[in-house]
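Taken in order, these protein sequences are the chains called F and C.
According to full-length UniProt numbering, the first sequence holds residues 1 to 626 in order.
According to full-length UniProt numbering, the second sequence holds residues 1 to 626 in order.
Quick reminder that beta carbons are idealized off the backbone N, C-alpha and C, glycines included.
None of the values given here were measured: they were computed from a predicted structure.
2 protein chains.
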Amino acid sequence: MLRTTGRYDAFKSQWHSSYSDPPTMWPVPNHQFWDSDIGKWIEGACYLLMDHFDEDIDAAVKELVQMIRSAQHPDGYLNIHYSVVEPGRRFTNLRDMHELYNAGHLIEGALAHRLYYKNDDMLSPMLKYVDLLVATFGDQPFQIPGYPGHPEIELALLRLYKVTGNEKHLKLAQSFIEERGNPTGGTERRHYYDVESESRGENKRTLPVYFPAARSYWYQQAHVPIAEQETIEGHSVRAMYLLTAVADLVRVSQRDSKVGATFLPVVNRLWSNMVERRSYVTGGIGAIKQWEGFGIDYFLPQGTDEGGCYAETCAAIGVMMLAERQLQIELDSHYADVMEVCLYNAVLTGMSLDGKAFTYVNQLASSDKDISQRHEWFECACCPPNVTRTLGYLGGYVWSHSTNEEKAVVNVNLYTAATLRLQVSKSVIELTQKTDWPWNGDVYFNICMEGPPVDLQLRLRVPGWAVSWQMTPSPKQLDIRKGYIYLGAEWLQQNSQFQLSFPMQPRVVRPHPLTTQPVGYVTRGPIVYCVEDADHPWEEHHFKMTIFDPKVPLREEARSQPDQYVAIIAENGAKGELNMSPWDRQIVSEGNNGNVGERKNLCFVPYYLRANRGGRGQMRVGLRVE
Amino acid sequence: MLRTTGRYDAFKSQWHSSYSDPPTMWPVPNHQFWDSDIGKWIEGACYLLMDHFDEDIDAAVKELVQMIRSAQHPDGYLNIHYSVVEPGRRFTNLRDMHELYNAGHLIEGALAHRLYYKNDDMLSPMLKYVDLLVATFGDQPFQIPGYPGHPEIELALLRLYKVTGNEKHLKLAQSFIEERGNPTGGTERRHYYDVESESRGENKRTLPVYFPAARSYWYQQAHVPIAEQETIEGHSVRAMYLLTAVADLVRVSQRDSKVGATFLPVVNRLWSNMVERRSYVTGGIGAIKQWEGFGIDYFLPQGTDEGGCYAETCAAIGVMMLAERQLQIELDSHYADVMEVCLYNAVLTGMSLDGKAFTYVNQLASSDKDISQRHEWFECACCPPNVTRTLGYLGGYVWSHSTNEEKAVVNVNLYTAATLRLQVSKSVIELTQKTDWPWNGDVYFNICMEGPPVDLQLRLRVPGWAVSWQMTPSPKQLDIRKGYIYLGAEWLQQNSQFQLSFPMQPRVVRPHPLTTQPVGYVTRGPIVYCVEDADHPWEEHHFKMTIFDPKVPLREEARSQPDQYVAIIAENGAKGELNMSPWDRQIVSEGNNGNVGERKNLCFVPYYLRANRGGRGQMRVGLRVE
């Protein structure tokens, strides 16, 4: 797709016919994200090459890196649009254009490239570009006091800092974060986006399509300084990328430093606001299409005909990124629970089983206007390569670890068949999980150590959905802190093999009562289920009228087509359809929400599996229970 | 208020300091509706003078009419803004400005003026203005092929036609209606608003604050021709005024003519869409603040913190106007039921008991952001004089009648203490209703006839909310058609006095299940009730967490302070508050919507009475029942 759409060759800095297309999301040119598509693809490719070498992929990465190097300006500048389409206009529209966002993804690509190729072919041009950015942005009179409309470079710079240790990289990220939303920024003592848009000669009533009103800077989380933000607002991907960087900045800084004291409470309160009031059962976020982001508290309709539901794939990836950073600040299974829900539901649903078709929006219910379907590609193709790099980086979500001379700590956040190999001083630790997760909650651990004994501490998450669980063998006294089982070196030396069991049963869970969603969701372990017309050929109203009886037994059915999964059958689970006749020609009625029609069987399948088995695209996650 | 704000003297065509204020609703100047405020006030004043002469009011009407006459241009043009603020720019922005809307209200004022004063002092300048409009608008090359952004003149012209019989008045109304939304209008064969905005040199991305996207002509019901509109959309006052005109056009035309065949189905389907899917229990319409109008089907949140609720007073008045026209086309109690609900709830709530404070927006629930309160006045003051003229015209809603040489038909749509006096040929019929409506459903009728016998037919509405009713004495065989009792001349001659009883009991009704509003509404007869903190000093969450037990007995309590009304007491009616703790730090939970806390008494008062008895502005109509 990168080749056929022109992206692959874009760093050759030649004109492409699509560059003159009218923008779909005015005023953002459609090709403006191409740099980031390449950056994300390189990042994902390098992660995956570590597991499985592929000659074509390897050659493509090398060729792309050569193109990127050749596209760089002598002063370090690197951007397709401002080199080919609008030369001379660089850094004049930080608010709407994605220059710094692109730079961030190229930096992340370069870091992955260095990890795999162990050379600086891609990192060195990026370091040169970062030097230019360091010189360009800041509070000196000769500098630009701005910050990116779409955060990303902040988190990339913090990842870069981890590798380079260069304080300038940390400081640039920090200044972008601290300056954001400053109403008295720069020498003009005004909001930077006001200054910038006036310089461009813009009428303040001329609105980007994603601004519902003039100066909707909350779209970019720049309405007030980050430290003053009370609720999570605006474009959900931007919000997640920004908070990921803020959380990482807190981690890098001393927690009791001014940075930590300022920003940790912000991250915590915006996270809580998001999880408790603005998240879907799948981990998806963002109800509103116009700004691809958050609505008001508890406004979580399932689909277009109910008022919205966006839940962009990239936004759920952003939640995983943020949760991963928060786990580094504070090991609490709550963060890993949300991360797991996102991974298996809102993120995985973004790609078809064959890896060839994608979703951008992930609604919880289809409608005649927006059926449940996948597409080969998108004009703004942020999601597909984002899924690639997320799956490539999966190990980074499954576990985290820290080591020093003779000590190692391993946190197991997610369970899956996997092996972690750690070098600690002169020893090697090999930690293996064997499991059929997410279909079976039994996980077998095996620890192998070569070399002198290492003081290993293992911390194992107890999922929030696990109503009961068992460990065999088990320490006499279990040490559990914030949802993690802590196992010490002594016990591990005597028990190099053990088993954790988190029985998975179908459950019916409910959204917060203030959502006023009268529905139940079928879940099992970390998997959220849906119903599709593929299993219910009689359905014609997107299951909107179907009344689910949550009291019928839910039977598990192991299936192997089109993939391994557990379906859940509710025999006679549909007790009928909504009886709406008392409201004919009425605004209100004494009639109650009784049902009409006969009982029918319901078959629930994992939400990520939707739109993989044919059908007419009728799908729903939450079925009406009252 | 007209005097202190500058409106009273505006037709003196002098500059007023407020004319340079920045628009609250850009690009509409705040003073732009002043002509209509005067027009509506004159209309209301003239109706009310008929019942009760007042020297000051009489003098003010006369002075205003003189000012209006002196403000008229030699060619008939008459408008404050385009005479004083933007001379030479008349008719250049039909889409956003309110020239023709103002003209409509001045025409309606002139008709009321003529009815009371029996002279043409106001009507004759308006006829001259209409002559100019007839010459200006149309499909000839030298004419403007446009139509007003805010309908009103159409219905005014049709009222005018009823008086003048001048076909030009009918034709102008009809052409405004038929041309509206034409995508290939005028000599340019394009949408008129596109042509017009290009002439003004506008950037199509420069959006009026009420346009969520470019070319949101559905805001003005001009996205497609009226005949093609499938759902009721946009600004709700505009929609009602437009449909009132369309219905009146159908009535004027032969029903089986092309006009009737084209437009009657439109009126019926948009009405149904509105009543069944987009109306609040109070008769209020319009959920969305940005465009002061309709949201999608069944999206009917109660207040700001739930996603909206606008329900403008003027819009509910518009529903009454439309219902009144529909009753003339087809006598069906369904239309009168909706008219009655609007009158006693969404409209009456717009004015305080002392007549000195008003509402514009009428939400069903308050929130910290929007408490339940009234204001002395508004910058856009459409609602207060609209209530005045509606109450002044009440008789027109209570009954309708038609007479010819020796026959009279009287339809009784609403019950209230009232007398109708009709001259039929050489006879006079006097029809009196005595009742304590809306607190008591007993209505005593008395018919007095002077002169030769008249063939009188009386049609009495049976309200849809009446679960039982009685007539004493009653014809042996009741002739009931579409919710009206038909009484013939013979029976009436023998029964000049009779009584109708529609017992009123408190009821709990529910919104359509697809609204997903888990609430019950307490009603009694035509009155919709609410709870206020004035009766519940303990309340601090706007009754959002309160769970109402609809099974407790509802006791009536007659009160006389601050006015006569029946309160409804539900002892121990609050069974507690929502239990939200199972959702702490969770997206979903197996917990059910159980309640916590103790039972408390609830006291329901009429919604129209809200914000009249002190308190902190906490109020809710629909209380949670599940």
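Neighbour list for residue i in chain C, Cβ cutoff strictly below 8 Å
{"i": "Pro-212(F)", "result": "Pro-212, Gln-290"}
{"i": "Arg-507(F)", "result": "Glu-590"}
{"i": "Trp-26(F)", "result": "Arg-205"}
{"i": "Arg-510(F)", "result": "Val-588, Ser-589, Glu-590, Gly-591, Asn-592, Asn-593"}
{"i": "His-334(F)", "result": "Arg-585"}
Within chain C, partners of residue i - CB distance below 9 Å
{"i": "Pro-463(F)", "result": "Result: empty, since nearest Cβ-Cβ is about 13 Å, beyond 9 Å."}
{"i": "Val-209(F)", "result": "Arg-205, Ala-213, Ala-214"}
{"i": "Ala-329(F)", "result": "For clarity, residue 329(F) is Ile in the given sequence; the question names Ala instead. Under the 9 Å cutoff, chain C gives no residues; its nearest Cβ is about 16 Å from Ile-329(F)."}
Under 7 Å from the C-beta of residue i: neighbouring residues of chain F
{"i": "Arg-269(C)", "result": "What Arg-269(C) touches in chain F: nothing, since even the nearest Cβ is about 13 Å away."}
Chain C contact for residue i (CB, 9 Å cutoff)
{"i": "Trp-583(F)", "result": "yes"}
{"i": "Glu-626(F)", "result": "yes"}
{"i": "Tyr-192(F)", "result": "no"}
{"i": "Thr-546(F)", "result": "no"}
{"i": "Arg-7(F)", "result": "no"}
{"i": "Val-275(F)", "result": "yes"}
{"i": "Thr-516(F)", "result": "yes"}
{"i": "residue 627(F)", "result": "Not covered by the structure: residue 627(F). The range shown for chain F is 1 to 626."}
{"i": "Ser-272(F)", "result": "yes"}
Chain F contact for residue i (CB, 9 Å cutoff)
{"i": "Phe-604(C)", "result": "no"}
{"i": "Ile-587(C)", "result": "yes"}
{"i": "Val-341(C)", "result": "yes"}
{"i": "Tyr-241(C)", "result": "no"}
{"i": "Arg-620(C)", "result": "no"}
{"i": "Val-338(C)", "result": "yes"}
{"i": "Ser-20(C)", "result": "no"}
In DSSP terms, what residue i is bridged to
{"i": "Gln-586(F)", "result": "DSSP, once it has assigned bridges, lists no residue as partnering Gln-586(F)."}
{"i": "Trp-439(F)", "result": "Answer is none; Trp-439(F) lacks a bridge partner."}
{"i": "Ile-153(C)", "result": "DSSP lists no partner for Ile-153(C)."}
{"i": "Tyr-486(C)", "result": "Arg-459(C), Asp-479(C)"}
{"i": "Gln-497(C)", "result": "Asn-446(C)"}
{"i": "Leu-422(C)", "result": "Ile-429(C)"}
{"i": "Trp-399(F)", "result": "Val-412(F)"}
{"i": "Gln-470(F)", "result": "Ser-501(F)"}
{"i": "residue 637(F)", "result": "With chain F covering only 1 through 626, there is no way to say anything about residue 637(F)."}
Partners in chain F for residue i, counting only beta-carbon separations shorter than 9 Å
{"i": "Ile-296(C)", "result": "Thr-304, Asp-305, Glu-306, Gly-307"}
{"i": "Val-281(C)", "result": "Ile-587, Val-588"}
Where residue i meets chain F, residues with beta-carbon distance less than 8 Å
{"i": "Tyr-310(C)", "result": "The premise fails here: Tyr-310(C) is roughly 15 Å from chain F at the closest Cβ pair, so nothing lies under 8 Å."}
8 Å contact criterion, which residue i and residue j should meet: CB distance rounded
{"i": "Lys-128(F)", "j": "Gly-76(F)", "result": "4 Å"}
{"i": "Val-625(F)", "j": "Pro-550(F)", "result": "5 Å"}
{"i": "Asp-9(F)", "j": "Leu-106(F)", "result": "Incorrect: roughly 16 Å between the Cβ atoms, too far for contact."}
{"i": "Ala-408(C)", "j": "Val-424(C)", "result": "5 Å"}
Interface residues of chain C facing residue i [CB-CB closer than 7 Å]
{"i": "Phe-299(F)", "result": "Gly-307"}
* Taking three-plus beta-carbon pairs below 8 Å as touching, is the stretch 494 to 509 of chain C in contact with the stretch 257 to 272 of chain C? -> no
* Quick one: any contact between the stretch 361 to 371 of chain C and the stretch 11 to 20 of chain C, if contact means 3 or more CB pairs under 8 Å? -> Judged by Cβ distances under 8 Å, the stretch 361 to 371 of chain C makes no contact with the stretch 11 to 20 of chain C, as fewer than three pairs qualify.
* **Three CB pairs or more closer than 8 Å across the stretch 379 to 392 of chain F and the stretch 41 to 57 of chain F** => Verdict: yes, contact present.
* Kindly confirm or deny that the stretch 131 to 149 of chain F and the stretch 89 to 100 of chain F touch, where touching means at least three C-beta pairs closer than 8 Å. => yes
* Asked: Should the stretch 292 to 305 of chain F be regarded as contacting the stretch 328 to 338 of chain F, the criterion being three or more beta carbon pairs within less than 8 Å?
  -> no
* **Inter-stretch contact at 8 Å, needing at least 3 Cβ pairs: the stretch 603 to 621 of chain C / the stretch 519 to 530 of chain C** => yes
* Should the stretch 218 to 230 of chain C be regarded as contacting the stretch 156 to 167 of chain C, the criterion being three or more beta carbon pairs within less than 8 Å? -> no
* To do: Would you be able to state if there are at least three C-beta pairs under 8 Å between the stretch 406 to 416 of chain C and the stretch 443 to 459 of chain C?
  => yes
* To do: Indicate whether the contact test is met: 3 or more Cβ pairs, each with one atom in the stretch 205 to 212 of chain C and one in the stretch 271 to 287 of chain C, closer than 8 Å.
  => No, because fewer than three Cβ pairs between the stretch 205 to 212 of chain C and the stretch 271 to 287 of chain C fall closer than 8 Å, the two stretches do not touch.
* Could you tell me whether the stretch 115 to 133 of chain F touches the stretch 230 to 243 of chain F, where touching means 3 or more Cβ pairs closer than 8 Å? => no
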